[in-house]
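*Asks:*
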Amino acid sequence: STYTMLVRAYKLRHFVDEFVLKMFWAEKNNAAKAKLEQLRLSPEECKHAKLFTVLLSFADNAQQEFSSDQYPSLTLALPALEGLHHVWSECYDDEKYTAFRPALAATINTIKSYYDLTSENSAYMISMVLDPGEKMQHFAKNWSDDEQRSVSERTKDISATMPDPIATPVATPAWEREFNKYISGDLEDIPAEMSLVTWWGVNAPRYPVWASLARDYLAIMASSVSSEHAFSSAGITITKRRNRLKADVVEALQGLKCALKRNLLVRVSGPSSVIEEQLEVKQEAESALEDSATAMALESDDNTVVLVLDLDSDAEEEDEISH
1 STYTMLVRAY KLRHFVDEFV LKMFWAEKNN AAKAKLEQLR LSPEECKHAK
51 LFTVLLSFAD NAQQEFSSDQ YPSLTLALPA LEGLHHVWSE CYDDEKYTAF
101 RPALAATINT IKSYYDLTSE NSAYMISMVL DPGEKMQHFA KNWSDDEQRS
151 VSERTKDISA TMPDPIATPV ATPAWEREFN KYISGDLEDI PAEMSLVTWW
201 GVNAPRYPVW ASLARDYLAI MASSVSSEHA FSSAGITITK RRNRLKADVV
251 EALQGLKCAL KRNLLVRVSG PSSVIEEQLE VKQEAESALE DSATAMALES
301 DDNTVVLVLD LDSDAEEEDE ISH
């Protein structure tokens with residue numbers, strides 16, 4: 001990116017200056033020497049280059065924040081745009097960035113135009129509400145009351161389109177009761193190592209309609225970076241010597257490549273109903289064994305407690321240990 005290139009160039013500015021100077025002394029043509037002389041950065045230009053890297057760092061941080069393909073990123077898009085707009089607006093008012101004010105004004109307007117486009121798409125807002133650790137907190141802190149009501153109404157309208165998990169004849173539909181339960185409930189404490197997708201998978205029985213929304217909306221990427229990576233990866237797979245690969249073969253190769261890279265072929269299984277049933281069966285068996293052992297170990301006869309030992313089984317255990 002321009003930011004990475006500029007940071008590297010600024011760190012190596014002394015070597016770049018020396019390189020240009022050597023070309024200048026080696027050049028015989030006066031016109032070419034004059035052009036090379038102009039390539040040498042003055043102290044003021046170096047100062048501007050450093051300030052420019054600071055401005056670009058804000059954009060780079062925002063892009064990195066919502067361009068990941070490792071976790072749902074659409075939830076971070078609006079906060080990242082708001083944060084970028086805020087920090088660049090502060091830079092616009094800062095006198096040390098006076099030379100960059102025309103550029104800052106243009107970029108601030110561009111961010112605003114992108115931000116306005118998000119108001120036409122409910123996916124951004126719903127994905128933020130689907131974060132159980134935040135829910136409506138961001139809107140409550142940064143948006144007006146009317147805007148908050150708009151978000152709530154949009155989310156409610158979309159929830160109403162999802163199929164009811166249980167058809168009931170009561171006045172309040174099941175989806176609406178679940179909607180109110182989630183929105184009005186306390187914020188969830190999500191473990192640091194648990195992703196939003198995993199959390200919704202675990203809590204789908206509690207909020208089936210919301211979990212259905214999570215499946216639809218959390219898969220949406222906030223930027224095209226992951227798609228561009230996929231195309232680049234496909235370009236590496238489909239070389240000139242493999243230009244006759246069929247679409248299904250390319251698809252299989254790309255899937256296998258991704259699975260190997262992400263370590264998806266062999267991994268610890270996540271929470272599931274099957275594992276929960278196995279754990280319950282194991283716990284019941286352990287409880288039954290403990291109850292049986294207690295009944296065998298203690299026998300009450302005239303208020304006297306007698307310890308009963310199974311000598312055969314103890315002898316068998318000693319034989320096994322000795323072997």
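Counting in the UniProt record's numbering, the sequence shown runs from 1 upward without gaps.
Glycine residues also receive a C-beta, built at the ideal position from the N, C-alpha and C atoms.
As the structure is a prediction and not an experimental result, all values here were calculated from the model.
#1: Going by C-alpha distance, which of Ala-160, Trp-88, Leu-41 is nearest Leu-21?
#2: Give the secondary structure of Lys-156 by DSSP, where H, G and I count as helix, E and B as strand, and everything else as coil.
#3: What is the DSSP secondary structure of Val-87, counted as helix, strand or coil?
#4: Over the uninterrupted alpha helix (DSSP H) stretch that includes Thr-110, give me the two end residues.
#5: In the DSSP assignment, find the alpha helix (DSSP H) that holds Asp-186 and state where it starts and stops.
#6: Whose CA, out of Asp-145, Phe-179, Gly-255, lies closest to the CA of Thr-161?
#7: Over what stretch of residues does the alpha helix (DSSP H) that includes Leu-51 continue unbroken?
#8: Take the Cβ of Pro-43 as the centre, count every other Cβ of all protein chains shown within 10 Å, and call the residue buried at 16 or more, exposed below.
#9: Give me the residue from Gln-278, Leu-84, Met-125, Leu-218 with the minimum Cα distance to Asp-69.
#10: From Lys-282, Ile-220, Leu-36, Lys-28, pick the residue whose C-alpha is nearest to that of Glu-18; which is it?
#11: Output yes or no for whether 8 Å exceeds the beta carbon distance between Tyr-10 and Ala-77.
#12: Exposed or buried, which one is Val-131 when buried takes at least 16 other CB atoms within 10 Å?
#13: Where does Asn-29 sit, in a helix, a strand or coil, going by DSSP?
#14: Leaving out five residues before and five after Ile-238 in sequence, what residues of the same chain have Cβ atoms less than 7 Å from its Cβ?
#15: In whole angstroms, give me the CA-to-CA distance for Ser-113 and Lys-33.
*Replies:* The answer reads as follows:
#1: Along the sequence shown, read from residue 1 onward, the residue named residue 21 stands at position 21. Checked all of Ala-160, Trp-88, Leu-41; the closest Cα to Leu-21 is Leu-41.
#2: Here residue 156 corresponds to residue number 156 of the sequence shown, with the count starting at 1. Looking at Lys-156 - three-state DSSP - the assignment turns out to be helix.
#3: Taking the first residue of the sequence shown as 1, we reach residue 87 at position 87. It is helical.
#4: Within the sequence shown, numbered from 1, the residue matching residue 110 stands at position 110. Taken as a continuous stretch (DSSP letters only), the alpha helix (DSSP H) holding Thr-110 covers 101-118.
#5: Stepping through the sequence shown from its first residue, residue 186 is reached at position 186. Note, Asp-186: premise wrong, no alpha helix (DSSP H); not H, not E.
#6: The residue labelled residue 161 in the question sits at position 161 within the sequence shown. For Thr-161, the nearest C-alpha among the options comes from Phe-179.
#7: Taking the sequence shown and counting its residues from 1, one reaches residue 51 at position 51. Secondary structure note for Leu-51: its alpha helix (DSSP H) is the uninterrupted segment 43-65.
#8: Residue 43 sits at position 43 when you count from the first residue of the sequence shown. Per the 10 Å Cβ criterion, exposed.
#9: The residue labelled residue 69 in the question sits at position 69 within the sequence shown. Checking every option, the nearest Cα to that of Asp-69 belongs to Leu-218.
#10: Counting from one through the sequence shown, the residue named residue 18 turns up at place 18. That would be Leu-36, whose Cα lies nearest to the Cα of Glu-18.
#11: Translated into positions along the sequence shown, residue 10 becomes position 10. Translated into positions along the sequence shown, residue 77 becomes position 77. It is not a contact, given that the beta carbons lie outside the stated cut-off.
#12: Taking the first residue of the sequence shown as 1, we reach residue 131 at position 131. Position check: residue 131 holds Asp in this sequence, whereas Val was assumed. It is buried - the Cβ of Asp-131 has at least 16 other Cβ atoms within 10 Å.
#13: Counted from its first residue, the sequence shown places residue 29 at position 29. Note: Asn-29 maps to coil in three-state DSSP.
#14: In the sequence shown, the residue the question calls residue 238 occupies position 238. So the qualifying residues of the chain are Leu-245, Val-250.
#15: Within the sequence shown, residue 113 is the residue found at index 113, counting from 1. Within the sequence shown, residue 33 is the residue found at index 33, counting from 1. Cα to Cα, Ser-113 sits roughly 45 Å from Lys-33.
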